[in-house]
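Chains U, F, H, L and S are the protein sequences, given in the same order. Just so you know, the first sequence maps onto residues 363 to 457 in my numbering. Just so you know, the second sequence maps onto residues 363 to 457 in my numbering. Just so you know, the third sequence maps onto residues 363 to 457 in my numbering. Just so you know, the fourth sequence maps onto residues 363 to 457 in my numbering. Just so you know, the fifth sequence maps onto residues 363 to 457 in my numbering. From the three backbone atoms N, C-alpha and C, an ideal C-beta is built for every residue, glycine too. These numbers were taken from a predicted model, which means no experiment stands behind them. Worksheet: the structure to be examined is printed underneath.
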Amino acid sequence: MLLARVAGTLVATRKEPTMDGLKFLVLRQLDVDDTETGGYVVAADAVGAGVGEVVLYATGSSARQTELTHNRPCDAVVMAIVDTWEVGGEEKYRK
Amino acid sequence: MLLARVAGTLVATRKEPTMDGLKFLVLRQLDVDDTETGGYVVAADAVGAGVGEVVLYATGSSARQTELTHNRPCDAVVMAIVDTWEVGGEEKYRK
Amino acid sequence: MLLARVAGTLVATRKEPTMDGLKFLVLRQLDVDDTETGGYVVAADAVGAGVGEVVLYATGSSARQTELTHNRPCDAVVMAIVDTWEVGGEEKYRK
Amino acid sequence: MLLARVAGTLVATRKEPTMDGLKFLVLRQLDVDDTETGGYVVAADAVGAGVGEVVLYATGSSARQTELTHNRPCDAVVMAIVDTWEVGGEEKYRK
Amino acid sequence: MLLARVAGTLVATRKEPTMDGLKFLVLRQLDVDDTETGGYVVAADAVGAGVGEVVLYATGSSARQTELTHNRPCDAVVMAIVDTWEVGGEEKYRK
C-alpha cells in the first residue's frame with residue numbers, strides 16, 4: 363500500500379454500470395516524510411474518507427477485495443484512514 | 363484509475379479471436395491539472411468514448427471486469443467518461 | 363496494451379515444461395509517434411507475428427487469457443498485429 | 363520480491379473491516395548492496411518482523427497468498443526475514 | 363518476461379511456511395544488448411538456474427503458475443534459462 367492525501371473528488375456520470383454508487387477520490391501520493399511526491403491516482407472510496415485526510419490505498423486486483431469494489435473494473439481503493447506513522451523512532455504524521 | 367484524453371483510434375485485423383468487436387482507443391495520460399504527461403496506453407473502450415473526451419481507465423486484471431473484456435487478453439479499459447474533477451477546492455476540468 | 367515492434371526472437375531449451383511450444387519474441391516498445399522508447403519486453407506470440415511487425419502486447423494476468431498462455435508462467439503476450447493508428451486526426455503508422 | 367528494511371510502523375483505526383488485526387510496517391526499499399533506494403511501501407506483516415530487520419516483500423495478488431492476507435485489500439506483504447545474501451561471490455548482508 | 367543474469371543467492375530461515383524449500387535467486391536485470399540495467403529482483407527458482415546464467419523471469423500472478431510457486435506469496439519466478447537471442451538479425455547472446 364502507499365500513502366496519499368485526499369486532494370479532491372471526481373464525477374463521472376457515464377460509466378460501467380457496476381461502478382454506480384462508488385465515490386471517486388483524487389489522491390496525491392505522499393512519501394514517508396508526509397511530502398507530496400507529485401504522483402496521483404483516482405481511487406474508489408471504501409472507508410468514507412474526506413478531502414484533506416491521509417489514507418492508505420491498495421492497487422491492482424487487491425483493490426477489488428472490498429465489498430464495494432468486488433468484481434468491478436476498479437484498480438485502486440482507499441482501504442484505511444491513517445492515524446499516525448513513525449519512521450526511525452520519529453513520528454512523521456499524526457491525524 | 364488514471365486520467366487520460368482519448369487521442370485517437372487503432373485498427374488491428376489480425377488478433378486474438380476473443381478480441382473481435384472491441385474498439386481500441388489511443389489514450390494520452392493526464393495529470394490532475396489536465397496536462398498531458400507524455401505517457402500513453404492503448405485501451406479497450408467499454409463506455410463509447412469519443413476522440414477528445416477525458417476518461418478514466420483501469421489496468422491489469424481490473425481491466426477484465428467489464429462484460430466486453432471478461433476473460434480476454436486486455437490489460438487496459440476505459441470504464442468512465444469524466445464530467446468534472448476538483449483538487450484543493452478548485453475545479454480542474456469540466457466537460 | 364502498449365505498442366511495440368518485433369525486434370527479434372529468443373530460444374530457451376531449459377524451461378518450465380508448460381512453456382514448451384511457445385515462441386518468444388523480443389519486443390522494442392514504441393510511443394504513439396512510432397518511435398522506439400528504449401524499453402523492451404520478451405513476450406509469447408499468440409498471433410504469428412514476424413520480425414519487423416508492429417504489434418500490441420498485454421501484460422500481467424491478462425497475458426494468460428489466450429489459449430496458448432492459459433495457466434502458464436507468462437506475463438507478456440502479443441495479442442494483435444497493428445494495421446494502423448491515428449492520433450489527433452493524423453495517421454501515425456500504416457502497415 | 364524486493365529487499366527492504368523495516369523503518370517503522372503505521373496505525374489506522376478506521377479501515378476495511380477485513381484488515382483488522384493486521385500489522386502495518388513502513389518499509390524502505392534496498393538495492394542489492396544493502397543501500398536504501400529512496401522508495402518505500404507500507405506492507406502487512408506475515409512473519410513478525412521488527413523495526414530494523416531486513417525483509418523480503420511481495421506485491422500485487424501474490425501479497426494475498428498468506429493466511430493473514432487472504433481475500434483482503436492488501437497489495438504488499440512481508441513474507442520473509444532475510445538472514446544473508448551474496449552477489450558475485452561477495453556477502454552483501456548478514457543478519 | 364524480462365532478461366536477467368543470476369547474480370547470487372539469498373537465505374531466509376524465518377518466512378511464510380509455504381515458501382519452505384524454494385530457492386531464492388538475486389537477479390540483475392539485462393537489456394536486449396546483454397548489459398546490466400542497474401535493476402534487480404529476488405526470484406524463486408523453478409528451473410535449477412546457476413549463478414552466472416542468463417534467464418527469463420516472470421512477475422506478478424504469472425509467477426505463481428509453476429508447480430513450485432502455486433498459491434504462494436511469490437511475485438517473481440525464473441521460468442527459463444536462455445540459450446540465445448537475436449535483435450535486428452544480430453545475435454546478442456549465446457550461452
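Handout entry: Nearest candidate by alpha-carbon position, reference L/Lys377, set U/Glu429, U/Gly451, U/Glu448
Key = Looking at the Cα atoms, U/Glu429 is the closest of the given residues.
Exercise for the section: Could you spell out where the beta strand (DSSP E) holding L/Asp382 opens and where it closes? Expected result: In the DSSP annotation of this structure, L/Asp382 is not part of any beta strand (DSSP E), being labelled neither H nor E.
Handout entry: Neighbourhood of U/Gln391 by C-beta distance below 8 Å, restricted to the same chain and skipping five residues each side
Key = For U/Gln391, the CB contacts under 8 Å within the same chain, skipping 5 residues up- and downstream, are Leu364, Leu365, Ala366, Glu398, Thr399, Gly400, Gly401, Tyr402, Val403 in chain order.
Practice task
Compare the C-beta of F/Val373 against all C-beta atoms of chain U and say whether one is closer than 8 Å.
Solution key: Output row for F/Val373: interface = no.
Practice task
Please go through the same chain and pick out, in chain order, the residues whose beta-carbon is closer than 6 Å to the beta-carbon of L/Gly410, but skip the five residues on each side of it.
Solution key: Excluding residues within five positions, none has a Cβ falling inside 6 Å.
Exercise for the section: Reducing DSSP to helix, strand and coil, say where S/Ala405 ends up. Expected result: If DSSP states are grouped into helix, strand and coil, S/Ala405 belongs with the strands.
Practice task
Could you give the DSSP three-state label for U/Leu425: helix, strand or coil?
Solution key: The sequence shown places Ala at residue 425 of chain U, not Leu. Under the three-state reduction of DSSP output, U/Ala425 falls in the helix class.
Handout entry: Neighbourhood of F/Val449 by C-beta, 6 Å cutoff - its chain only, sequence neighbours within 5 removed
Key = These residues qualify, in order along the chain: Val394.
Practice task
Whole angstroms is fine: what's the gap from F/Ala442's alpha carbon to L/Ala420's?
Solution key: Within the model, the alpha-carbon separation for F/Ala442 versus L/Ala420 is close to 31 Å.
Practice task
Using a Cβ cut-off of 8 Å (strictly closer), state whether F/Gln427 contacts chain U.
Solution key: It does: the Cβ of F/Gln427 has a partner Cβ on chain U nearer than 8 Å.
Handout entry: C-alpha gap between H/Glu415 and U/Gly370, whole angstroms
Key = The C-alpha of H/Glu415 lies about 43 Å from the C-alpha of U/Gly370.
Problem - Proximal residues, the stretch 372 to 399 of chain U versus chain F, C-beta separation under 8 Å - result: Residues of the stretch 372 to 399 of chain U whose Cβ lies closer than 8 Å to any Cβ of chain F, in chain order: Leu372, Val373, Ala374, Thr375, Arg376, Lys377, Glu378, Thr380, Met381, Phe386, Val388, Arg390.
Problem - Bridge partner(s) assigned by DSSP for U/Val440 - result: The partner list for U/Val440 (beta bridge, DSSP) reads U/Asp407, U/Tyr419.
Problem - Backbone CA spacing between H/Phe386 and H/Glu453 [nearest angstrom] - result: Using only the alpha carbons, I get a separation of about 30 Å.
Handout entry: Selection of the stretch 426 to 456 of chain S by Cβ proximity to chain H, strictly under 7 Å
Key = When C-beta distances to chain H are compared with 7 Å, the residues of the stretch 426 to 456 of chain S below that value are Gln427, Thr428, Val439, Met441, Ala442, Ile443, Val444, Asp445, Thr446, Trp447, Glu448, Val449, Gly450, in chain order.
Problem - Residue environment, F/Gly422, which counts as buried when at least 16 other CB atoms sit within 10 Å - result: Buried: at least 16 other Cβ atoms inside 10 Å.
Handout entry: Selected residue, minimal CA-CA separation from L/Val417, among L/Arg456, L/Val373, L/Thr375, L/Ala374
Key = Cα-wise, what sits closest to L/Val417 is L/Arg456.
Exercise for the section: Note down, in chain order, each residue of its chain lying with its Cβ closer than 7 Å to the Cβ of S/His432, except the 5 sequence neighbours on either side. Expected result: So the list reads Arg426, once near-sequence residues are dropped.
Problem - Beta carbon of H/Val373 nearer than 8 Å to that of H/Ala406 - result: H/Ala406 is positioned such that its CB atom lies no closer than 8 Å to that of H/Val373.
Practice task
Could you check the C-alpha separation between U/Trp447 and L/Val388 for me, to the nearest Å?
Solution key: Taking the CA atoms as reference points, U/Trp447 sits about 8 Å from L/Val388.
Problem - U/Val388, DSSP secondary structure in three states - result: In this structure, U/Val388 counts as strand in the three-state DSSP scheme.
Exercise for the section: Tell me whether S/Leu430 sits in a helix, a strand or coil according to DSSP, three-state version. Expected result: In the structure shown, S/Leu430 sits in coil (DSSP, three-state: anything other than H, G, I, E or B).
Practice task
Give the range of the beta strand (DSSP E) segment to which H/Val413 is assigned.
Solution key: Annotation for H/Val413: no beta strand (DSSP E) segment contains it, and DSSP assigns it neither H nor E.
Handout entry: Local Cβ density within 10 Å of L/Pro379, reported as buried at 16 or more and exposed below that
Key = Flag for L/Pro379 reads exposed.
Handout entry: Sequence-distant residues of the same chain with beta carbon closer than 6 Å to S/Asp445, five excluded per side
Key = So the qualifying residues of the chain are Lys457.
Handout entry: Beta carbon proximity, S/Ala408 to chain H, threshold 8 Å
Key = By this cut-off, S/Ala408 is an interface position.
Practice task
Determine the burial state of H/Ile437: buried for a count of at least 16 other Cβ atoms within 10 Å of its Cβ, exposed for fewer.
Solution key: Looking at the sequence shown, residue 437 of chain H is not Ile but Asp. When all chains shown are included, H/Asp437 counts as buried.
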